[in-house]
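What follows is one structure encoded as structure tokens, with my remarks underneath.
Number of protein chains: 2
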Amino acid sequence: MLQYGVLICGVVPVRKPRDIEKALEAPVTCLELRLDYLEADLAEVRPLLEHAVARRVVIFTVRRREEGGQWRGDEEGREALYRKLLELNPHYIDVEAESPIIGEVAKIKGKAQLIASRHDFEKTPPLDVLSQWAKKAAAVGDLVKIVTYAKEPGDGLRVLSLIGAVEKPTVAFAMGPAGAYTRVAAAALGSPIMYVSLGEATAPGQLTADAYYAALLALGITPSGGGLPALREALDWVDGGLMYLLKKRLEVCRDMGRLKKDAGLPIYDDVREAQVLRRAGDFKQIFELVVQMCKAVQLVA
Amino acid sequence: MLQYGVLICGVVPVRKPRDIEKALEAPVTCLELRLDYLEADLAEVRPLLEHAVARRVVIFTVRRREEGGQWRGDEEGREALYRKLLELNPHYIDVEAESPIIGEVAKIKGKAQLIASRHDFEKTPPLDVLSQWAKKAAAVGDLVKIVTYAKEPGDGLRVLSLIGAVEKPTVAFAMGPAGAYTRVAAAALGSPIMYVSLGEATAPGQLTADAYYAALLALGITPSGGGLPALREALDWVDGGLMYLLKKRLEVCRDMGRLKKDAGLPIYDDVREAQVLRRAGDFKQIFELVVQMCKAVQLVA
């Protein structure tokens, strides 16, 4: 078995207190709380932010619009919000390396680790530009985060090559479907943090936590650390992966049901069903239930 | 959804006829039949080889010892075997670009596509050496296949960068646990063929078909093509992924059972069990069965 010390971080658009409560139910050890989405007053969510910091590894991020965020205020207001958030002693804060406030926030950050980030939601620049971005971010941050958009899969190799290229721990991967593989490759290459959605994606190509667990387990990667906690976390990963694939099976059967109806084909296929159950071997009882659910879905597709 | 035109190829060490029969039951569209493992006479397996060529996309390979194979004869004998295998009109044959017989086999191959391959089971050479290997293979093969061993994850990026670098379709990935991610990345980057085990791994880090399906599905990749055949193949992928994760769950529970026994901890944990079933939501009935199987495993771990 392989273990990567990667922090799997659920990204949470925080609009109101309920968003944090729900996130704390998710089986992830780290949360990035995106306060640029905030609609409620900070005072309303503050107790839950404190609660989150006490129970998870937490990144506070107030992402500016220029880099895909929802912040509607000015830089002064954003800096003021970061100041208040730093009072809650988060483990990390994420500020864009190019933004005017990063110098000031770096001074007042205290024990929080500063992730100096750079995002390009449209393209992946040439390697020399990417390397400059990484150097600039490394000069001010404790960690570097470079995330670009992959127009084609090859773009991903360029951004992945940043991991280990500067002296600070570096998160680097490519957004978009063509870059999906980089989200697993980056963990293998040593990215300290990887980001997953807990239901609402905040970037193109972002995988759900369940899908990400399935991908890591499939490649033989299990939670790091040892003993019962790591085994419990592994169980959470497996159960997440199982639910991801069960939902996928329902979707495929729904599409099959529609296609069969359009083509006037019979919905049920006893030969195929027998083949599936034979192949299931020791898990036959489980697959009988799964097939039952899928037949219902095909019926009403 | 993403679709890659990658051929997922089950690698089959062929010792005796039964090995081919079993392989033909596996839900893969392509088989690499490794005749360097052959213990029976060719005449004994010939009818099944013909049967396989009629029902799957088939690669015949007689891998020489220098590149990780089991062939015990000399090059003359190996060439003679390729000649006989070519009579069965396989879709592909794989011969090492560095081997003395590749020139002759290239002349007699007929319609079969020649995969000119190069394997390094110990390391991943520098990029300039890899590029030379790829050019040399491209000069003689219809496809290029370069597979090296990743001592560390970064080696994988070098070998992946060969895909698309020469004018022939190129299979390129890294063996070993540190290179596991390249097996998914290569499919994304355009490798025409990816290799999985159907139970017996023939290379370090080789994933089973079920694990590979889980990884591809998790990254949003589904079988290419359309209509009912692609949906049926997708269902096979999902079921393979489910079985991979179910086995993984049994393994984790077995390890948990042992650890709890050693630590004198109670085997069953009702709070955890309730949490798992609550999280399962609509799949609660399925997870009740899964938990039951896992509790049995923990009991006798």
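First to last, the sequence lines map onto chains A and B. The numbering used here applies: residue 1 is where the first sequence begins, and numbers increase by one. The numbering used here applies: residue 302 is where the second sequence begins, and numbers increase by one. Just so you know, even glycine gets a beta-carbon here, dropped at the ideal spot from N, CA and C.
| said: Within the continuous beta strand (DSSP E) that includes His-119 of chain A, where are the two ends? | reply: For His-119 of chain A, the enclosing beta strand (DSSP E) begins and ends at 113-120.
| request: Name, please, each residue of chain B whose Cβ falls closer than 9 Å to the Cβ of Ile-286 of chain A. | output: In chain order: Leu-543, Leu-547, Ile-587, Leu-590, Val-591 and Met-594.
| Does DSSP classify Gly-304 of chain A as helix, strand or coil? | Residue 304 of chain A lies beyond the residue range present for chain A, which begins at 1 and ends at 301; the question has no answer from this structure.
| request: Within 10 angstroms of the Cβ of Asp-239 of chain A, are there 16 or more other Cβ atoms? Answer buried if so, exposed if not. | output: Answer is buried; the Cβ neighbour count reaches 16.
| request: Could you give the DSSP three-state label for Asp-236 of chain A: helix, strand or coil? | output: Collapsing the DSSP output to three states places Asp-236 of chain A in a helix.
| query | Three or more C-beta pairs closer than 8 Å, one from the stretch 291-301 of chain A and one from the stretch 320-340 of chain B: is that the case here? | reply | Verdict: no, contact absent.
| task | Measuring only between beta-carbons, confirm whether Ala-209 of chain A sits less than 8 Å from chain B. | result | Interface flag for Ala-209 of chain A against chain B is unset, since no Cβ pair is found closer than 8 Å.
| request: Name the one or two DSSP bridge partners that Met-175 of chain A has. | output: DSSP output for Met-175 of chain A lists A:Tyr-149 as bridge partner(s).
| task | For Arg-580 of chain B, return the contacting residues in chain A, with the cut-off set at a CB-CB distance below 7 Å. | result | Neighbours of Arg-580 of chain B in chain A, taken as residues whose beta carbon is under 7 Å from its own, are Asp-239 in chain order.
| request: Run down chain B in chain order and give the residues with a C-beta less than 7 Å from the C-beta of Val-252 of chain A. | output: Ordered by position in chain B, the residues that pass the 7 Å Cβ test against Val-252 of chain A are Leu-532, Ala-535, Leu-536 and Val-539.
| query | chain B beta carbons: is any one of them nearer than 8 Å to that of Arg-302 of chain A? | reply | With chain A covering only 1 through 301, there is no way to say anything about residue 302 of chain A.
| request: Following the continuous beta strand (DSSP E) through Gly-311 of chain B, name the residue where it begins and the one where it ends. | output: First-last of the beta strand (DSSP E) with Gly-311 of chain B: 308-314.
| query | First and last residue of the alpha helix (DSSP H) that includes Tyr-383 of chain B? | reply | Element bounds for Tyr-383 of chain B: 376-387.
| said: Quick check: the stretch 6-14 of chain A against the stretch 184-199 of chain A, are at least 3 beta-carbon pairs closer than 8 Å? | reply: With a cut-off of 8 Å, the stretch 6-14 of chain A and the stretch 184-199 of chain A count as touching, because enough Cβ pairs lie within range.
| message | If we define contact as Cβ-Cβ less than 8 Å, is Phe-474 of chain B a contact residue for chain A? | response | No, no contact with chain A.
| Is it buried or exposed for Asp-273 of chain B, if we count other Cβ within 10 angstroms and need 16 for buried? | Nothing can be reported for residue 273 of chain B, as the shown portion of chain B is limited to 302 through 602.
| said: Let me make sure I understand the geometry here. Which of B:Leu-382, B:Glu-423 and B:Ile-360 has the alpha-carbon closest to that of Ala-344 of chain B? | reply: Residue B:Leu-382 is the option with its Cα nearest to Ala-344 of chain B.
| request: Can you give me the start and stop residues for the alpha helix (DSSP H) that Tyr-338 of chain B sits inside? | output: Secondary structure note for Tyr-338 of chain B: it is in no alpha helix (DSSP H), with a DSSP letter that is neither H nor E.
| Nearest CA to the CA of Ala-97 of chain A: which residue from A:Val-12, A:Arg-118, A:Glu-79 and A:Gln-113? | Ranking the options by Cα distance to Ala-97 of chain A, first place goes to A:Arg-118.
| task | Confirm, please, whether the CB-CB distance from Gly-69 of chain A to Asp-36 of chain A is below 8 Å. | result | Contact: yes.
| request: Would you kindly work out how many angstroms separate the C-alpha atoms of Gly-227 of chain A and Lys-412 of chain B, rounded to a whole number? | output: Each residue's Cα considered, the two are about 56 Å apart.
| task | Starting from Phe-588 of chain B, trace the alpha helix (DSSP H) both ways and give me its first and last residue. | result | Where Phe-588 of chain B is concerned, the enclosing alpha helix (DSSP H) stretches over 585-600.
| Helix, strand or coil for Val-329 of chain B per DSSP? | In the structure shown, Val-329 of chain B adopts coil according to DSSP, grouped into three states.
| request: Name the residue from A:Pro-27, A:Val-12, A:Glu-167 and A:Val-14 whose alpha carbon lies nearest to the alpha carbon of Gly-241 of chain A. | output: The candidate whose alpha carbon is nearest that of Gly-241 of chain A is A:Pro-27.
| Quick one: is Ala-519 of chain B near chain A, going by C-beta distance under 8 Å? | Yes - at least one Cβ of chain A is within 8 Å of the one on Ala-519 of chain B.
| Any contact of the stretch 532-539 of chain B with the stretch 497-508 of chain B, i.e. 3+ C-beta pairs under 8 Å? | Not touching, per the Cβ criterion.
| query | Within the 8 Å Cβ cut-off, does Val-460 of chain B reach chain A? | reply | With 8 Å as the cut-off, Val-460 of chain B does not count as an interface residue toward chain A.
| For Leu-518 of chain B, three-class secondary structure by DSSP | If DSSP states are grouped into helix, strand and coil, Leu-518 of chain B belongs with the helices.
| task | Give the interface partners of Leu-529 of chain B over in chain A, defined as CB-CB distance under 9 Å, in chain order. | result | Neighbours of Leu-529 of chain B on chain A, chain order: Met-256, Leu-259, Lys-260, Ala-263 and Leu-265.
| said: Check for me: the beta strand (DSSP E) holding Asp-269 of chain A runs from which residue to which? | reply: Looking at the DSSP string, Asp-269 of chain A is not in any beta strand (DSSP E), and its letter there is neither H nor E.
| said: Please report whether the beta-carbon of Gly-411 of chain B lies at a distance below 8 Å from any beta-carbon of chain A. | reply: Output row for Gly-411 of chain B: interface = no.
| request: Using a Cβ cut-off of 8 Å, pull out every chain B residue sitting near Gly-190 of chain A, in sequence order please. | output: Under a criterion of Cβ atoms nearer than 8 Å, the residues of chain B adjacent to Gly-190 of chain A are, in order, Pro-454.
| query | CA-CA distance, Lys-446 of chain B and Leu-349 of chain B? | reply | Per the coordinates, the alpha-carbon of Lys-446 of chain B lies some 26 Å from the alpha-carbon of Leu-349 of chain B.
| query | Looking at the unbroken beta strand (DSSP E) that takes in Asp-94 of chain A, where does it start and where does it end? | reply | Annotation: the continuous beta strand (DSSP E) that includes Asp-94 of chain A extends over 92-96.
| field | Ala-150 of chain A vs Thr-124 of chain A beta-carbon contact at 8 Å | value | Going by C-beta atoms, Ala-150 of chain A is nearer than 8 Å to Thr-124 of chain A.
| query | Name the DSSP bridge partner or partners of Val-276 of chain A? | reply | Assignment of beta-bridge partners to Val-276 of chain A by DSSP yields no partner.
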